[in-house]
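Beneath this line is the structure, given in structure tokens, with notes to follow.
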Amino acid sequence: AQSVTQPDIHITVSEGASLELRCNYSYGATPYLFWYVQSPGQGLQLLLKYFSGDTLVQGIKGFEAEFKRSQSSFNLRKPSVHWSDAAEYFCAVGANAGNMLTFGGGTRLMVKP
Amino acid sequence: EPEVTQTPSHQVTQMGQEVILRCVPISNHLYFYWYRQILGQKVEFLVSFYNNEISEKSEIFDDQFSVERPDGSNFTLKIRSTKLEDSAMYFCASSQPGQGYNEQFFGPGTRLTVL
Chain H
3 AQSVTQPDIH
13 ITVSEGASLE
23 LRCNYSYGAT
33 PYLFWYVQSP
43 GQGLQLLLKY
53 FSGDTLVQGI
63 KGFEAEFKRS
73 QSSFNLRKPS
83 VHWSDAAEYF
93 CAVGANAGNM
103 LTFGGGTRLM
113 VKP
Chain Y
3 EPEVTQTPSH
13 QVTQMGQEVI
23 LRCVPISNHL
33 YFYWYRQILG
43 QKVEFLVSFY
53 NNEISEKSEI
63 FDDQFSVERP
73 DGSNFTLKIR
83 STKLEDSAMY
93 FCASSQPGQG
103 YNEQFFGPGT
113 RLTVL
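From first to last, the protein sequence lines are chains H and Y.
First residue of the first sequence? That's 3 in the working numbering, and the numbers climb one at a time after it.
First residue of the second sequence? That's 3 in the working numbering, and the numbers climb one at a time after it.
The structure is reproduced here in structure tokens:
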């Protein structure tokens with residue numbers, strides 16, 4: 003069975019600082035990996051996805067993530083955080099079309115001015 | 003840009019009552035899903051639906067739950083006799099299979115409050 007772990011429940015960074023959110027997955031085959039962002043009271047917005055190919059993927063809002071098979075990780079990064087990035091971030095793993103997504107527990111990001 | 007829509011945005015009901023949550027998936031998508039998120043917890047898969055039948059369901063999706071695609075556009079989740087622990091945000095999602103991957107597009111959610 004697939005699983006996702008996000009080790010950091012809360013992270014606080016200063017505006018303008020760099021950010022890395024960790025995600026580790028467990029899946030027997032090649033995973034399809036996703037990062038979603040959820041602002042308070044809102045739905046889930048896809049930030050980026052990895053299916054195959056280049057292991058460094060670019061997403062919206064200046065985010066990127068790197069797939070490292072050897073470490074079973076798919077960490078999310080941003081070089082300079084903006085106050086509007088404060089939200090909850092979910093990593094998810096899926097398989098083939100039609101398969102369920104399994105989400106991690108989420109990381110709540112707070113941004114200090 | 004096409005999007006998944008859900009109605010109502012907030013539903014309040016009494017314990018034991020039936021509720022129907024509605025979703026309009028993206029029009030050319032073929033897979034439909036329901037997920038839920040209890041306040042402060044992670045998003046959990048409930049059920050997936052393809053070709054007019056359930057393709058996968060979690061242990062959460064017991065006999066109190068059912069799904070239906072009553073027409074060509076709507077996808078509904080029915081909870082027959084709500085319990086307090088059914089209070090959660092319910093998300094509908096849809097995807098279009100192709101090239102083996104599974105990018106799911108989520109609706110804004112329906113917040114269900116059971117009193």
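By construction, the Cβ of each residue, glycine as well, lies at the ideal position given by its N, Cα and C atoms.
- Taken through DSSP and simplified to helix, strand or coil, Lys44 of chain Y comes out as coil.
- When Cβ-Cβ separations below 9 angstroms define contact, Ser60 of chain Y makes contact with chain H.
- At a cut-off of 9 angstroms, the C-beta of Phe107 of chain Y has a neighbouring C-beta in chain H.
- Its chain contains Leu32 and Tyr33 as the residues whose beta carbon lies nearer than 7 angstroms to that of Pro99 of chain Y, once the 5 sequence neighbours on both sides are disregarded; these appear in chain order.
- Under DSSP, no beta-bridge partner is assigned to Glu61 of chain Y.
- Interface residue (Cβ-Cβ distance to chain H less than 9 angstroms): Pro4 of chain Y is not classified as such.
- When DSSP states are grouped into helix, strand and coil, Gln73 of chain H belongs to the helix group.
- Annotation: Gln73 of chain H has no Cβ neighbours in chain Y at a cutoff of 8 angstroms; minimum Cβ distance is about 22 angstroms.
- Residues of chain H whose Cβ lies closer than 7 angstroms to the Cβ of Phe93 of chain Y are, in chain order, Gly45 and Leu46.
- Listed along chain Y, the residues sitting closer than 8 angstroms to Phe92 of chain H by beta-carbon distance are Lys44 and Val45.
- With contact defined as three or more Cβ pairs closer than 8 angstroms, the region 102-110 of chain H and the region 7-15 of chain Y are not in contact.
- In this structure, DSSP gives Lys63 of chain H a helical state, which the three-state scheme calls helix.
- Against chain H, the CB of Pro10 of chain Y has no partner CB under 9 angstroms away; the residue lies outside that interface.
- The Cβ-Cβ distance between Trp37 of chain H and Leu21 of chain H does not fall below 9 angstroms.
- In the DSSP assignment, Gln8 of chain Y falls within the beta strand (DSSP E) that extends over Thr7 to Thr9.
- Judged by their CB atoms, Leu86 of chain Y and Leu48 of chain Y are not nearer to each other than the 9 angstroms cut-off.
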